[in-house]
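Below: the structure, in structure tokens.
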Amino acid sequence: MSKRVIVSIVLGAVVLAIAIGAVVLMMKLKPEAQKRRPVDKTAKVVAPVINVNRNYGLEILGYGSAEPSTLVEISSKVAGEINFKSPLLNSGLRVQGPDKKKPSEQGDILFSVDPKDFELAVQTAASGIDLLNAKIKALEQEKVNLQEIEKIQAEMFNLDKQQFQRVMKLLERGASARNEADVSKMGMLATKEKLQATRNQLQTIGVRKMQLEAELKQATVNLEQAKENLSDTVYRAPVTGRILKASADLGEHVSVGQVLGELYGMDILEIPVSITAGDMRWLDPEALQKCLDPRYKGDIGITAKVEWIDAATDTALTWTGRVARVEAGLEAQTRTAKLIVQVNNSAQGGNTRKLGEFGMLDLNMYCKVTIQGRTVPEAFLIPRGAILPGSFVYMVKDGKLAKQKITVRRYSNGFAMLYPEDGVADGDRIITSYIPKPVIGMSIQIIQEAKD
1 MSKRVIVSIV LGAVVLAIAI GAVVLMMKLK PEAQKRRPVD KTAKVVAPVI NVNRNYGLEI
61 LGYGSAEPST LVEISSKVAG EINFKSPLLN SGLRVQGPDK KKPSEQGDIL FSVDPKDFEL
121 AVQTAASGID LLNAKIKALE QEKVNLQEIE KIQAEMFNLD KQQFQRVMKL LERGASARNE
181 ADVSKMGMLA TKEKLQATRN QLQTIGVRKM QLEAELKQAT VNLEQAKENL SDTVYRAPVT
241 GRILKASADL GEHVSVGQVL GELYGMDILE IPVSITAGDM RWLDPEALQK CLDPRYKGDI
301 GITAKVEWID AATDTALTWT GRVARVEAGL EAQTRTAKLI VQVNNSAQGG NTRKLGEFGM
361 LDLNMYCKVT IQGRTVPEAF LIPRGAILPG SFVYMVKDGK LAKQKITVRR YSNGFAMLYP
421 EDGVADGDRI ITSYIPKPVI GMSIQIIQEA KD
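In our numbering, the protein residues as written are 1 to 452.
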């Protein structure tokens, strides 16, 4: 055997030994297979017990911005030059209106118009009344005088008549001349003519007096109007509230009806709240009828909770409100009904706080409004997320997964409301968590909280 063959045999043996060693080493370094635990096919779910709510008071949720119940335009009632402007007539300032319990307190003066021309008008109207009263008295005296003259003339006419009758008797016996009878007759007729003129004058006294009395009434109206115009030169705050805006300047000439600002009452504010047309049926029907009856002046009886959140401090202010009225029809764009909720600041002490305390509901505050609806004898509340498409829910029955058809009466505030006859019963467990691959009849384990 040659040397070359021996070298080839040795190299082959060495390579084979290295390969065998590598295989043995790899087998020693191979990790052992992990033992897998049996897969638990029981679904773990959150399924709280659903209990019936007895005498459940429905709540209807809405939102809205506060608006003034009373908004008054500050306008001049007379034309003239502004000769006084109160420091209160500036935007944001609070003014005091008339006190119903104290008629002497008429409210703060906001501005006044120069009264000179109106004072002159009052004097002129008063003088006109005095003149007419004097004319009426003179007419009454004239009537008395004419009545006396009438009596005298009536007596003279009777005497002349008697004289004429005597002359005619003498003429018949031929003891008197014809011309003497004619003279007697002419005297009698002249006296009668004067008597008739006096009586005609007496007849016109009544008509003349009626004319003067009519003029007196008109003059009295003119005097009252002049006095009212004079009082209107001073403009007082008609309600207690705050000045919304003001544009009056001292020395400015204003015309009748010229708007100089706006004032809103702080005692009562209104919040328009839009609710779905379907939610209207959950309000007390008798109370809603009162909203439509203008003869009803009392409280409708539908209360509301009004909340405003201070974003800076995350604190809430709460007031008690009431539904004052329901606006006619539905809104054109949203097809929702609009309820007007009123908050009485004065009844809750809100308007007695200082402005910086924000104790009162004020203009444009955006509020959450919870309106108290009807009371339902029995109702179930199920989280809205538990409702499946087609109005189904998953339930746990005897430790197994079940599917139940339900009827939802109302959705509100993240919950669905059902009646006892709507597919659930007191004590049922409704699954509120997610089930990855639900199979009806599969085993269910109830846990307290959902896990990732």
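Glycine included, C-beta positions come from ideal geometry on N, C-alpha and C.
Taking residue i as part of the alpha helix (DSSP H), name the residues at either end of that continuous run.
i: residue 187; result: 178-232
i: residue 54; result: Residue 54 -> not in any alpha helix (DSSP H); beta strand (DSSP E) instead, spanning 53-65.
i: residue 145; result: 116-172
If you count every other CB in all the chains shown that lies within 10 Å of the CB of residue i, and 16 or more means buried, which is it?
i: residue 386; result: buried
i: residue 240; result: buried
i: residue 377; result: exposed
i: residue 115; result: buried
i: residue 13; result: exposed
i: residue 431; result: buried
i: residue 68; result: buried
i: residue 279; result: buried
i: residue 401; result: buried
i: residue 210; result: exposed
i: residue 271; result: buried
i: residue 375; result: exposed
i: residue 360; result: buried
i: residue 15; result: exposed
i: residue 382; result: buried
i: residue 26; result: exposed
i: residue 440; result: exposed
Which value, in whole angstroms, describes the spacing of the CA atoms of residue i and residue j?
i: residue 416; j: residue 384; result: 6 Å
i: residue 147; j: residue 131; result: 24 Å
i: residue 222; j: residue 135; result: 18 Å
i: residue 287; j: residue 88; result: 42 Å
i: residue 161; j: residue 185; result: 8 Å
i: residue 321; j: residue 368; result: 12 Å
i: residue 291; j: residue 328; result: 10 Å
i: residue 195; j: residue 202; result: 11 Å
i: residue 206; j: residue 215; result: 14 Å
i: residue 157; j: residue 213; result: 35 Å
i: residue 112; j: residue 129; result: 28 Å
i: residue 433; j: residue 394; result: 10 Å
i: residue 167; j: residue 142; result: 37 Å
i: residue 245; j: residue 218; result: 40 Å
i: residue 365; j: residue 336; result: 22 Å
i: residue 39; j: residue 443; result: Note that residue 39 scores 48 on pLDDT, short of 50, meaning its location in the model is unreliable; the coordinates nonetheless yield the value given after this. Going by the C-alpha atoms only, they are around 13 Å apart.
i: residue 301; j: residue 62; result: 18 Å
i: residue 188; j: residue 224; result: 54 Å
i: residue 255; j: residue 76; result: 7 Å
i: residue 389; j: residue 268; result: 45 Å
i: residue 304; j: residue 399; result: 43 Å
i: residue 293; j: residue 318; result: 30 Å
i: residue 66; j: residue 362; result: 7 Å
Taking the beta strand (DSSP E) that residue i belongs to, which residues open and close that run?
i: residue 44; result: 43-46
i: residue 310; result: 303-310
i: residue 444; result: 444-447
i: residue 402; result: 400-405
i: residue 79; result: No beta strand (DSSP E) holds residue 79; DSSP gives it neither H nor E.
i: residue 252; result: Element bounds for residue 252: n/a, residue is neither H nor E.
i: residue 105; result: Residue 105 -> no beta strand (DSSP E), and no H or E assigned at all.
i: residue 265; result: 259-265
i: residue 395; result: 392-397
Near residue i, which residues of its chain fall below 6 Å by C-beta distance, leaving aside the five closest residues on each side in sequence?
i: residue 373; result: 58, 60, 282, 283
i: residue 44; result: 445, 447
i: residue 93; result: 243
i: residue 229; result: 78, 118
i: residue 421; result: none
i: residue 121; result: 226
DSSP has residue i in a bridge; who is on the other side?
i: residue 417; result: 381, 410
i: residue 339; result: 273, 326
i: residue 424; result: DSSP lists no partner for residue 424.
i: residue 112; result: 84, 234
i: residue 362; result: Its beta-bridge partners do not exist; DSSP assigns none.
i: residue 89; result: For residue 89, which the question treats as bridged, DSSP gives no partner whatsoever.
i: residue 316; result: 309
i: residue 289; result: Answer by DSSP bridge pairing: none, since residue 289 is not bridged.
i: residue 68; result: 269
i: residue 372; result: 59
i: residue 344; result: 268
So, for residue i: in the same chain, excluding its five sequence neighbours on each side, which residues have a beta-carbon less than 7 Å away from its beta-carbon?
i: residue 411; result: 384
i: residue 98; result: 105, 106, 107
i: residue 49; result: 427, 429
i: residue 248; result: 82, 85, 89, 111, 260, 261
i: residue 276; result: 336
i: residue 370; result: 59, 61, 304, 305
Output needed for residue i: all residues of its chain with C-beta closer than 8 Å, excluding positions within five of it in sequence on either side, in chain order.
i: residue 198; result: 146, 149, 150, 153
i: residue 220; result: 129
i: residue 238; result: 72, 97, 98, 107, 263
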